[in-house]
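Student: So the numbering used here is basically just the index in the sequence shown, starting at one, shifted up by 808.
Glycine is no exception: its CB is placed at the ideal position from the N, C-alpha and C atoms.
Because the structure is a prediction, the values reported are computed rather than measured.
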Amino acid sequence: LSKESLTIIFPNKRAALKLRTELINSKFETNIWLPQILSIQEAMCSWSGIQLLDNIDIIFELIKILNNTRKNISNDIYGLASQMLKDFDEIDQYAVNAKNLFQNTKDAKEIELNFNENYEIDKKYIEFFSSLNDYYESLRKVLLENNTGYYGLISRYIYELGQDKLNDIIGNKKIIFAGFKKKKKTEEGIIVR
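#1: Look up residue 859 in the DSSP assignment and give the residues it is bridged to.
#2: Do you know how far the Cα of residue 896 is from the Cα of residue 970?
#3: Could you have a look at residue 1000 and say whether DSSP puts it in helix, strand or coil?
#4: Does DSSP put residue 882 in a helix, a strand or coil?
#5: Let me check understanding here. Comparing Cα to Cα, which of 920, 913 and 919 lies closest to residue 939?
#6: Residue 890 and residue 867 look like a contact to me (Cβ under 8 Å); what is the Cβ gap, rounded to whole Å?
#7: Look up residue 818 in the DSSP assignment and give the residues it is bridged to.
#8: Rounded to whole angstroms, what is the Cα-Cα separation between residue 861 and residue 894?
#9: Specify the secondary structure class of residue 840 as computed by DSSP and reduced to three states.
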């Protein structure tokens, strides 16, 4: 095998670095080419062509979106945006239908809040939960326009590619996924292809 034809993918960078270090320090009788050794995040970014942004950059992008609504959503907008990003990332990593999830969440919140006597606070909660899908879609749109994203967005992008497109991206490489115990739905869907 040539060095370009084998890729070993690990769940994290630490495991990839450990194998790379072990292979470099091994004594082989002849010279060998090391295979490409990547973390799953590095592989997803490489295959998608989408740059993985730091969470802080994405949070500030989400804060801009929240501020554009001109609604006083929270006194702790950074904390809110941070939690929203975590939720959006999980939604994408598990390939959940976001619109349905947010609608169900809003409906459940309406039922819960109808038993509360503070109508104005209830109204703000309902407005916020009604807008979650818009925030989610707006963030994804802005990030994808800039060819950037968070890990869930990137892995979902690859997961939703057709088999032919994924084969075109990967080419003739042999890929070994090593050390995966727990996988998100998007990762599992890519690995089993």
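Tutor: Here's the rundown:
#1: On the sequence shown, residue 859 is found 51 positions in, with the first residue counted as 1. DSSP, once it has assigned bridges, lists 956 as partnering residue 859.
#2: Here residue 970 corresponds to residue number 162 of the sequence shown, with the count starting at 1. Here residue 896 corresponds to residue number 88 of the sequence shown, with the count starting at 1. Going from the Cα of residue 970 to the Cα of residue 896 covers about 23 Å.
#3: What you label residue 1000 is simply residue 192 of the sequence shown in a count that begins at 1. Looking at residue 1000 - three-state DSSP - the assignment turns out to be coil, as it is neither helix nor strand.
#4: As a working mapping, residue 882 is identified with position 74 in the sequence shown. Residue 882 falls in the coil class under three-state DSSP.
#5: Residue 939 sits at position 131 when you count from the first residue of the sequence shown. Of the candidates 920, 913 and 919, the one whose C-alpha sits nearest the C-alpha of residue 939 is 913.
#6: Working through the sequence shown from its first residue, we reach residue 890 at position 82. Working through the sequence shown from its first residue, we reach residue 867 at position 59. That pair is a contact at about 5 Å.
#7: Indexing the sequence shown from 1 puts residue 818 at position 10. Answer is 847, bridged to residue 818.
#8: The residue labelled residue 861 in the question sits at position 53 within the sequence shown. The residue labelled residue 894 in the question sits at position 86 within the sequence shown. In a straight line, the C-alpha of residue 861 is about 14 Å away from that of residue 894.
#9: Within the sequence shown, the letter at position 32 stands for residue 840. Here residue 840 sits in coil by DSSP.
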